[in-house]
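Participant:
4 protein chains.
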Amino acid sequence: MTKSPLKLAIIGGGSSYTPELVEGVLKRLDRIPVKEMHFVDVEAGKEKLAVIEALTRRMVDKAGADMTVTASMDRRAAIQGADFVMTQFRVGGLQARANDERIPLKYDVIGQETTGPGGFAKALRTIPVILDICQDIEELAPNAWMLNFTNPAGLVTEAVQKYTRVKTIGLCNVPVSMKMMIAEMMDCQPQELTLECAGLNHLVWAHRAWLRGQDITADVLKKVGDGASYSMKNISEEPWDPDFLNALGAIPCPYHRYFYQTEAMLAEEKATALKEGTRAEQVMKTERELFELYSSEALAEKPEQLEKRGGAYYSDASLNLVDAIYNDQKSLHVVNVRNDGTIPSLPDDVVIECSAVVGSWGARPIVVGRLGPQVLGLISQVKAYEQLTVEAAVHGDYDKGLMALASNPLVPDIDKAKLILDEILKTNHDYLPQFRH
Amino acid sequence: MTKSPLKLAIIGGGSSYTPELVEGVLKRLDRIPVKEMHFVDVEAGKEKLAVIEALTRRMVDKAGADMTVTASMDRRAAIQGADFVMTQFRVGGLQARANDERIPLKYDVIGQETTGPGGFAKALRTIPVILDICQDIEELAPNAWMLNFTNPAGLVTEAVQKYTRVKTIGLCNVPVSMKMMIAEMMDCQPQELTLECAGLNHLVWAHRAWLRGQDITADVLKKVGDGASYSMKNISEEPWDPDFLNALGAIPCPYHRYFYQTEAMLAEEKATALKEGTRAEQVMKTERELFELYSSEALAEKPEQLEKRGGAYYSDASLNLVDAIYNDQKSLHVVNVRNDGTIPSLPDDVVIECSAVVGSWGARPIVVGRLGPQVLGLISQVKAYEQLTVEAAVHGDYDKGLMALASNPLVPDIDKAKLILDEILKTNHDYLPQFRH
Amino acid sequence: MTKSPLKLAIIGGGSSYTPELVEGVLKRLDRIPVKEMHFVDVEAGKEKLAVIEALTRRMVDKAGADMTVTASMDRRAAIQGADFVMTQFRVGGLQARANDERIPLKYDVIGQETTGPGGFAKALRTIPVILDICQDIEELAPNAWMLNFTNPAGLVTEAVQKYTRVKTIGLCNVPVSMKMMIAEMMDCQPQELTLECAGLNHLVWAHRAWLRGQDITADVLKKVGDGASYSMKNISEEPWDPDFLNALGAIPCPYHRYFYQTEAMLAEEKATALKEGTRAEQVMKTERELFELYSSEALAEKPEQLEKRGGAYYSDASLNLVDAIYNDQKSLHVVNVRNDGTIPSLPDDVVIECSAVVGSWGARPIVVGRLGPQVLGLISQVKAYEQLTVEAAVHGDYDKGLMALASNPLVPDIDKAKLILDEILKTNHDYLPQFRH
Amino acid sequence: MTKSPLKLAIIGGGSSYTPELVEGVLKRLDRIPVKEMHFVDVEAGKEKLAVIEALTRRMVDKAGADMTVTASMDRRAAIQGADFVMTQFRVGGLQARANDERIPLKYDVIGQETTGPGGFAKALRTIPVILDICQDIEELAPNAWMLNFTNPAGLVTEAVQKYTRVKTIGLCNVPVSMKMMIAEMMDCQPQELTLECAGLNHLVWAHRAWLRGQDITADVLKKVGDGASYSMKNISEEPWDPDFLNALGAIPCPYHRYFYQTEAMLAEEKATALKEGTRAEQVMKTERELFELYSSEALAEKPEQLEKRGGAYYSDASLNLVDAIYNDQKSLHVVNVRNDGTIPSLPDDVVIECSAVVGSWGARPIVVGRLGPQVLGLISQVKAYEQLTVEAAVHGDYDKGLMALASNPLVPDIDKAKLILDEILKTNHDYLPQFRH
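Just so you know, the sequences run in chain order P, B, W and S.
Counting along the first sequence from 1, when you hit position 89 you're at 89 in the UniProt record's numbering, and nothing is skipped either side.
Counting along the second sequence from 1, when you hit position 191 you're at 191 in the UniProt record's numbering, and nothing is skipped either side.
Counting along the third sequence from 1, when you hit position 18 you're at 18 in the UniProt record's numbering, and nothing is skipped either side.
Counting along the fourth sequence from 1, when you hit position 151 you're at 151 in the UniProt record's numbering, and nothing is skipped either side.
See the structure below:
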């Protein structure tokens, strides 16, 4: 990569998150000289895309930045010559997500966007599209970095790593949120903290936490066990059992609640679905409000209300990655990359989420040493589910899909796995061309 | 080992299974020249031991065998100079087993002797006793082979491998029963069949089945899916889903039903517990009847009724192992031994159940190659549970016990894990000296 | 494989060894009902092939066997419908072997048929031919087993495993010769002995030796150290240092002398080359004498003189393998097969030589556990050489060839590696089409 | 570690290198607030130690630093309360090194301080002493970091990692020298360069080199092949073969010449030994001159002549490590640490030299991915030698020592290994208490 100004292609540019990304870009122009942002979306998102485009132009103008802003349905034009391709799209929109949440609940199984059968369904819809995008990148921007924050980020990144030659890093706002929450409970600056993370996307542990050179892992676990606030917008804040945290000896991520506190989380989900609607159904409303705001000619900045939406720090996580690569920073980030022996009992070619040194070379994981059985059992089980899901999604393989769901720890047995799989395939029929053979 | 006549020490000699073992010994005297059988039991089993001793003498006399039969409470005398030590005891008797079955059911969790929280409780009671026995063997019969069929056989053998220098092989009647059932459904002789097994005790798969040189794995899966009889006395014969078996691509063991058909098995267990009582409660009755039979002076052979008891082929499994070792046969058996790279993603020092070549050298596993994610996730998860259980049992470590149960796929979450653990520790208080510190 | 009578295809049928193979077949007809032997050779071997064909017919007639004997240049006809394909050819004949022995000696480097630069040159000539044969087998006899004893057997088998779908086992007479020599020094029957072997072809150790249930490894090492006869026809019997054997703790194979006693072996080779000629040059004379004998109409059996030739037990090694596969014996043999974790620090896809259970399923290695650094360093170094050699041979890659020789422990440094490589490529120009691009 | 001022203990403080270290400390006082330096040495080095102490005081005074300087024979006093313990001693002094160089040469084997039999002898002398030091650290300064640059640094660090609980990092000036030489040939600043290093001490490769975000590995190899200066003071600058470098695909370190260009290096060593004396014999002279200079009351800075001595960048390498740990920098350094899966085919508990992120947590290696056979064979062979050497040195085990030398690629065979071992043991008798049992 040369140090010339950058072109960013944003796939799924009509997302309500985009203003945060734009704000992040404008804040960092001295470090990351962006000359062009090309937003692209599909036909169904045309209207939103136009709103985002207009708002972005107003933000760029206000910042006095010299930058081309383009918005189109032409994905190939967006990718052509891009230095970074950022993927943040949602196949099937929020309605598909609502289905992902509702279907498992019918069977008394966790219904969640990225974890359990919901994440499985989302992977089936998303992976064919991302592979298609990658074909364009291989052809039109072979040296570009694709930063994927389309969920389920681990599964999507694994498909890209296994089936394409695109240089990619998957990222997520969970690790950065963990850092922020821990900084708050320890009453320190985030940059004074270091977390040694290893696991899978939405199943990542901080195996050790360091504050100004001191190992504070036990202190953090104690605070979380004592009830310190430790959750994210979209996850119910079930309290953690202090004995369990002590036995675990590593700091779980908020999403671990689905695995460790399954029954309480399920009960909460069912109650909420009945009353306020599922998370997707709530978000639909937020989205409508946001786009109304975005449409105002008076608005030339990211509105505060966006923070309610949930994806805190996404912009920072992704643009700090761009900074680290572009400026060859060799700084530590938690990313989704090829395992390559980092967790030695997992195959080399799967994707894990871990602390890594990011620079012009991409991301090099740091060695965390052998993990103990208290985390390795769950990682192995969920990774088996993920490997099977990627194969099912790429090849439209029913058997692999069935084994995937049967291997997911949130699905109690094969009877439920089959019922849920069949309903997912039926409901998502239009988005699953790979299964229509 | 020299080719001189053999002394067998049978720990837990007062078991109702013993007559089958005695019959097996008498049948094989030409291959295995046993000169002495020393049965040993604890005070509480004194009466049963006397019945077994008398019956054994009658059986030996009828066979005209030249063999010393001893029965005592003196474990050290039994072990002194033994060539094989066979362990088949049950700490706490059938009442403890009934507790193991009842406690989890209260929490809507599978209640089973060897799998799930029931097996966990049994491991906590058994492991301290087996380590104590091993100290005697190290001192009094350091060259003896200990053949362990005390359940949970995998966990118990792992504790022995990790914490003693005793030469040991763990064994189980499940693999031999699988072979017998497959022979029946394929209408062939068992010796024409070969199964390539690898997994854990009560969680073992035949990854390939061979009949006279043909790979018949798919045929067997088809027959099982079509409803061929494929269960054991003590496991409810839930039907298998043909699609699932096809997706799995390996032949599960009957105990896999607890993991793959959890809800149906739980429902069946709850119904049975309500009506006929749990399996232990049923067995208590059978046991009483058996010992009444055994007491008859007229009886000088294993009575037919023993077969109802459930442990089919235990005698064959263990004495064929004695034969293979004593006569250096290099024959294939499915046994519980140190992993040592057989399943490469598991640590070297854990115990697995697998096909192995047995001879004077003990058991050498055969390489089965990398296992796929469809089985590896579950093996890894259950092995993590097992590693934590062994540590909890050896060190009386509450935290490890909690993580063990939380890692068991049959326990839905940590809330349940904690409730069940606390009740197990309380109920088994008298049998868990390691936790009374 | 069905139990119908068998067709054997013997590639390189004009070899002087063939009468031993024929004798072996005729001896085993009750266990291995061969209905057809098809010998095939290249144009240059036409005359020899005719001699072998005639002798074979006389042997078959004398034995009164009902068997078709065919000899032709038509490799495809030979392979068509074969059950076993046996490969024993020599590209370039004995003259090429003489070059393999002479070239390294010029540079003060061991000159040997299978080890060091000689084996490297032979691999370059042989691998393209074997891959060509495999294409025919894939097309014309996809269920056939190829038993390869073409040297260097480990390298050739690795190329087949990596680049074809042919079912193959590589074999060698070294392990069986070790067993025979150890039986002689221990004054026992070979069948009473078991060796646990693992390593690479011509670099295999017996890590433990068992005699009637006793571990006799230390006794064997002591006898070898004390000067017991322990070599093969074609390897100079340099005495072994008893201290070294004790430190090694495993029984080396005779070929290990090239690595452990390099300077003495080199001195002996140079002296012999000067006086009697290299081994190949000596063998040329023996071959002429043998074929003269074979041509005699009066001869209808394997002549005694063949034993001087060197390949003792080749016939037994290969036909016992046929027996084990055809009759599904599950017996132990030392073979060259895919590693698949047997030696965990080597890649799965390389070929090793090890004890394995052979039956209708092919060969399943037995687990020997982690090997210590005293053997692992050398195995790893030689395997690196082998991996690079296979790549060089398949792709005609000069760089890989240079790295291969530079990685061979018998080649002192890269200067020598380059000089030797260049001379090998030049001398073998006609046999190395893959390098002529 | 708290942010309070630091105490440094320097074991082997009387070394001629010490003024460089002192200069480095004084240069960095703003980042590393050292309050005390305690130099310690043995009786034989008393005189030199006094010279160093006086010079240090003059340097500290000139810098106007507020720092206690202590020099004593009392190792325990030095270690008591130290934050960093730096080990840079030489058991037996330069005379022992001269023996290490001379003995192998008698047998036509590379005679070098750290590589081959010379490094082996040095390890035997050094390891018992370092373990003794570590006992003091465990008792008197359990939280201190020991930075070891006593050679052979990899072997010494491995002994510490395996046999003590001391927190340690081994370091070497080779990687930093590689960076400096590459910066010079690429005409760039060293800080613009990043090398991805992995291997063993004095056997480390830069698998990839990056300059301002560009992969320049091939360019560097080309320049080295074309004759760019690429050696260190103490290593003869044999030219590199461009074809070989291209085939290797990784940048070797200057010490690789001993392995890759063995015969030329040996010839050069023999010629030099005859004329100027071995390296140690030359250094003795330099040392005398240096200490004469150091004694001058007028000198209050590191004299230029020290640079001729050879250990360029040692001070920078070690003090940058102190900086990274003390200030929790998370910066990249090449260090000797526990493998822990970084090179997956080597055991977890061996020490490797690799790029790592250094901070208050110590050093976390970065994952470099699977290495190819072109480097893995040599690493595995040398690591086997190292593992055996550590065992020989710790336990005084002759057999392990013999296997170690026999496994070293620079020793041609076991005859030479034995002769050299016996002479090393005899010559070093006074320094090898562990072998006198």
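We put the CB at the ideal spot given by N, CA and C, even for glycine.
Bear in mind that the values here come from a model prediction, so they are computed numbers and not experimental data.
Between S:D328, S:E287, S:D316, S:G154, which lies nearest to K308 of chain S when the distance is taken from Cα to Cα?
Facilitator: S:E287
Participant: In chain W, which residues lie with their C-beta within 9 Å of the C-beta of K330 of chain B?
Facilitator: T194, K330, S331, L332, V357
Participant: Suppose only complete runs of 3+ residues qualify. What are the beta strand (DSSP E) ranges in the stretch 69 to 142 of chain W, listed by chain order?
Facilitator: 84 to 87
Participant: Which same chain residues, not among the five before or five after residue 441 of chain B, have their C-beta less than 6 Å away from its C-beta?
Facilitator: Only positions 1 to 437 of chain B appear in the structure, and residue 441 of chain B is not among them; the question remains open.
Participant: Taking the DSSP output, what are the residues bridged to R358 of chain B?
Facilitator: It is Val, not Arg, that sits at residue 358 of chain B in the sequence shown. Answer is B:S331, B:A363, bridged to V358 of chain B.
Participant: For the alpha helix (DSSP H) holding G377 of chain S, just list the boundary residues, first then last.
Facilitator: 373 to 395
Participant: On the DSSP letters alone, give me the boundaries of the beta strand (DSSP E) that N148 of chain S sits inside.
Facilitator: Here the beta strand (DSSP E) through N148 of chain S covers 145 to 148.
Participant: State the Cα-Cα distance for the pair E423 of chain P and L410 of chain P, rounded to the nearest angstrom.
Facilitator: 17 Å
Participant: Residues of chain P with CB closer than 8 Å to the CB of G341 of chain S, please, in chain order.
Facilitator: G341, T342, P344, V367, G369, R370
Participant: Taking C-beta pairs closer than 8 Å, name the residues in chain P that S380 of chain S reaches, listed in chain order.
Facilitator: Within chain P, no C-beta atom comes nearer than 8 Å to that of S380 of chain S; the closest sits roughly 16 Å away.
Participant: Touch check for the stretch 388 to 407 of chain W and the stretch 83 to 99 of chain W: three-plus C-beta pairs under 8 Å?
Facilitator: Put simply, the stretch 388 to 407 of chain W does not touch the stretch 83 to 99 of chain W. Fewer than three CB pairs are less than 8 Å apart.
Participant: V283 of chain S: which of S:I10, S:S16, S:I133, S:G12 sits nearest, CA to CA?
Facilitator: S:S16
Participant: Note down, in chain order, every chain W residue with its Cβ under 9 Å from the Cβ of E263 of chain S.
Facilitator: Correct list: P412, D413, D415, K416.
Participant: In whole angstroms, give me the CA-to-CA distance for residue 438 of chain S and W205 of chain W.
Facilitator: Outside the shown range of chain S, which is 1 to 437, sits residue 438 of chain S, and nothing can be said about it.
Participant: Counting only beta-carbon separations shorter than 8 Å, does D187 of chain B have a partner in chain W?
Facilitator: no
Participant: Based on the DSSP secondary-structure assignment, which residues constitute the bridge partners of F39 of chain P?
Facilitator: P:I10, P:A71
Participant: On the premise that I79 of chain S lies in contact with residue 445 of chain S, defined as a C-beta separation below 8 Å, what is that separation, rounded to the nearest angstrom?
Facilitator: As shown, chain S starts at 1 and ends at 437. That puts residue 445 of chain S outside it, with no answer to give.
Participant: By alpha-carbon positions, which one of W:M185, W:E184, W:F149 ends up nearest to T168 of chain W?
Facilitator: W:F149
Participant: Mind listing, in chain order, the continuous beta strand (DSSP E) runs of no fewer than 3 residues lying wholly within the stretch 166 to 208 of chain W?
Facilitator: Complete beta strand (DSSP E) runs here, min 3: 167 to 170, 193 to 200.
Participant: Buried or exposed, going by whether 16 or more other CB atoms sit within 10 Å of the CB of N143 of chain S?
Facilitator: exposed
Participant: Drop a sphere of 10 angstroms on the beta-carbon of S360 of chain B, count the other beta-carbons inside from all chains shown, and report buried for 16 or more, exposed for fewer.
Facilitator: By the 10 Å Cβ count, S360 of chain B comes out buried.
Participant: Less than 7 Å between C-beta atoms, sequence neighbours within five positions excluded: which residues of the same chain meet that for L376 of chain B?
Facilitator: S345
Participant: Pair every Cβ in the stretch 38 to 52 of chain P with every Cβ in the stretch 5 to 24 of chain P, then say whether three or more of these pairs are closer than 8 Å.
Facilitator: Output reads yes: the stretch 5 to 24 of chain P touches the stretch 38 to 52 of chain P.
Participant: How would you list, in chain order, the residues of chain P whose beta-carbon sits under 8 Å from the beta-carbon of F120 of chain B?
Facilitator: Those do not exist, as F120 of chain B stays about 14 Å from chain P at its closest Cβ, beyond 8 Å.
Participant: Run down chain B in chain order and give the residues with a C-beta less than 7 Å from the C-beta of S236 of chain P.
Facilitator: By Cβ distance, chain B contributes nothing, its closest Cβ being about 14 Å from S236 of chain P, past 7 Å.
Participant: So which residues of chain S does P117 of chain W contact, with C-beta pairs closer than 9 Å?
Facilitator: Chain S residues near P117 of chain W: none, gap ~16 Å exceeds 9 Å.
Participant: Give, in chain order, every residue of the stretch 418 to 436 of chain W whose Cβ lies closer than 7 Å to some Cβ of chain S.
Facilitator: K418
Participant: Where does the unbroken alpha helix (DSSP H) through N320 of chain P begin, and where does it stop?
Facilitator: In the DSSP annotation of this structure, the continuous segment of the alpha helix (DSSP H) that includes N320 of chain P starts and ends at 314 to 326.
Participant: Given that D348 of chain P touches chain S, what residues does it touch there, using C-beta distances under 9 Å?
Facilitator: Among the residues of chain S, those whose CB is under 9 Å from the CB of D348 of chain P are P344, G369, R370, following chain order.
Participant: Closer than 7 Å by C-beta to H429 of chain P: which residues in its own chain qualify, once you throw out the five before and the five after it? Chain order, please.
Facilitator: none
Participant: Would the beta-carbon of Y294 of chain P fall within 8 Å of that of P117 of chain P?
Facilitator: no
Participant: If I measure Cβ to Cβ from T427 of chain S and keep anything under 7 Å in the same chain, skipping five residues before and after, which residues do I get?
Facilitator: N99, I103
Participant: Write down the C-beta distance between D83 of chain W and K7 of chain W rounded to the nearest angstrom, noting that I regard them as a contact closer than 8 Å.
Facilitator: Sure, about 5 Å apart at Cβ, within 8 Å.
Participant: Pair every Cβ in the stretch 225 to 234 of chain B with every Cβ in the stretch 172 to 182 of chain B, then say whether three or more of these pairs are closer than 8 Å.
Facilitator: Flag = yes, the stretch 225 to 234 of chain B and the stretch 172 to 182 of chain B touch.
Participant: Spatial neighbours of A356 of chain W within its chain, please: CB distance less than 8 Å, with the 5 preceding and 5 following residues excluded, ordered by chain position.
Facilitator: Closer than 8 Å at the Cβ level, and outside the excluded window around A356 of chain W, lie L332, H333, V334, V335, V337, A363, R364, P365, I366.
Participant: Based on DSSP bridge pairs, tell me the residues matched to E353 of chain W.
Facilitator: Residue pairing from DSSP places E353 of chain W in a beta bridge opposite W:G199, W:N336.
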